[in-house]
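Enquirer: Count along the sequence shown from 1, then add 1120; that gives the number in this note's numbering. Below you'll find the structure I mean.
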Amino acid sequence: MNTVSIIGLVAAFCTTVASLHQAIKTIRSRETRGISLWMYVLITFGFSLWLVYGFMIKDVPLIAANSVTLILVIPVLVIKIRNGERS
């Protein structure tokens, strides 16, 4: 494994783990008042584009990391929308 691959894997790990805490907290509590709707809309869109890009270049680590991260951020976005909060 070369340095570029290691950096990519560490970056993927960090972004995935960063989403984990908020997802667990939001799913358990259903509380979203402190979460920005537009931040989650944009981050979900961004991770979706990264996933499409990963498929286009056939990069398995990129596909895996963004798939997992989308699984974490989509429920938070759905709960936020269902709560009807605009902030």
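Quick reminder that beta carbons are idealized off the backbone N, C-alpha and C, glycines included.
In chain order, what residues of the same chain lie with their CB nearer than 8 Å to the CB of Ile-1194, ignoring the 5 residues before and after it?
Expert: Correct list, in chain order: Thr-1164.
Enquirer: Check the C-beta distance from Leu-1197 over to Val-1161 and give it rounded, since I have them as a contact under 8 Å.
Expert: Yes, Leu-1197 and Val-1161 are in contact; Cβ-Cβ is about 7 Å, under 8 Å.
Enquirer: Looking only at its chain, what residues have a beta carbon closer than 8 Å to the beta carbon of Ile-1199, apart from the 5 residues adjacent to it on each side?
Expert: Hits under 8 Å: Thr-1146, Ile-1147, Arg-1150 and Thr-1152.
Enquirer: Between the alpha carbons of Gly-1174 and Ser-1187, how many angstroms are there, rounded?
Expert: Taking the straight line from one Cα to the other gives about 10 Å.
Enquirer: Take Ile-1183 and list the residues in its own chain whose beta-carbon comes closer than 8 Å to its own, dropping the five residues that flank it on each side.
Expert: Hits under 8 Å: Leu-1171, Gly-1174 and Phe-1175.
Enquirer: Distance, Cα to Cα, Gln-1142 vs Ala-1131?
Expert: The straight-line gap from Cα to Cα measures roughly 18 Å.
Enquirer: Spatial neighbours of Thr-1189 within its chain, please: CB distance less than 7 Å, with the 5 preceding and 5 following residues excluded, ordered by chain position.
Expert: Taken in chain order, the residues that qualify are Thr-1135, Thr-1136, Ser-1139 and Phe-1167.
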